[in-house]
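Working notes for the structure below.
Residue numbers (our numbering): 9 to 210.
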């Protein structure tokens, strides 16, 4: 019996290390020795059969082998693809262990019904994990590219002041104090000062 651990590699090395350590701890606890780690680069466009997990399950793994993943959302990008993977595993009598959810899909005689009952029952949770994972990956890519994360500081206030730019400039021409203008446009004096600097109205 061979044991394979599937790692979906992202831009965050710490995430990959966490997957590996979690799987090693799990395999030690469940007496699953001689683990072969398979690393697969994240690709949202490719179906599971076009990635390394497809080759692993359909070509490399044999009856009686075991597949270990850190969490169910690492297997594929949608619930439907996860079900397809588990169905193929059931047909080949490959046991699938999911570390985070502490689930084991095994015993071919009732594996299909177990898959349907368990995975469909967790469908909402799985989808939340997919969304969370995709968000983390997107943020990691933005960070790696040097892009600022989160909403630009003062964005909502800037938009509000932009809409009242003509009014603000008119008040400035009438020599109304900046503090008074801030009250009129309903923002803090600091926000107004910063906006004026950016607009060359200071």
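Cβ coordinates follow ideal geometry from the N, Cα and C atoms, glycine included.
Between residue 82 and residue 14, which are expected to be in contact by the criterion C-beta below 8 angstroms, what is the C-beta distance as a whole number of angstroms? 7 angstroms
Suppose you measure from the CA of residue 171 to the CA of residue 150; what does that come to, to the nearest Å? 30 angstroms
Sub-8 angstroms separation of residue 60 and residue 80 beta-carbons: no
Quick one: any contact between the segment 55-71 and the segment 88-95, if contact means 3 or more CB pairs under 8 angstroms? The segment 55-71, when compared against the segment 88-95, does touch it at the 8 angstroms Cβ threshold.
Counterpart residues of residue 48 in DSSP-defined beta bridges: 16
Please go through the segment 65-124 and give each complete alpha helix (DSSP H) segment of 4 or more residues, from N-terminal end onward. Complete alpha helix (DSSP H) runs here, min 4: 87-99.
By the three-class DSSP mapping on this structure, what secondary structure does residue 193 have? coil
Just curious, the alpha helix (DSSP H) that residue 54 is in, first and last residue? Counting along the chain, residue 54 falls outside any alpha helix (DSSP H), and DSSP gives it neither H nor E.
Starting from residue 24, trace the alpha helix (DSSP H) in both directions and tell me its first and last residue. 21-37
Sort 145, 10 and 166 by Cα distance to residue 41 and report the nearest one. 10
Just to confirm, is the Cβ distance from residue 73 to residue 31 under 8 angstroms? no
Can you list, in chain order, the residues of its chain whose CB lies under 7 angstroms from that of residue 190, leaving out five sequence neighbours each side? Closer than 7 angstroms at the Cβ level, and outside the excluded window around residue 190, lie 196, 197 and 200.
For a quick check, are the C-beta atoms of residue 17 and residue 49 less than 8 angstroms apart? yes
Assumed close pair residue 104, residue 64 - CB separation to whole angstroms, cut-off 8 angstroms: Not confirmed; about 11 angstroms, so no contact.
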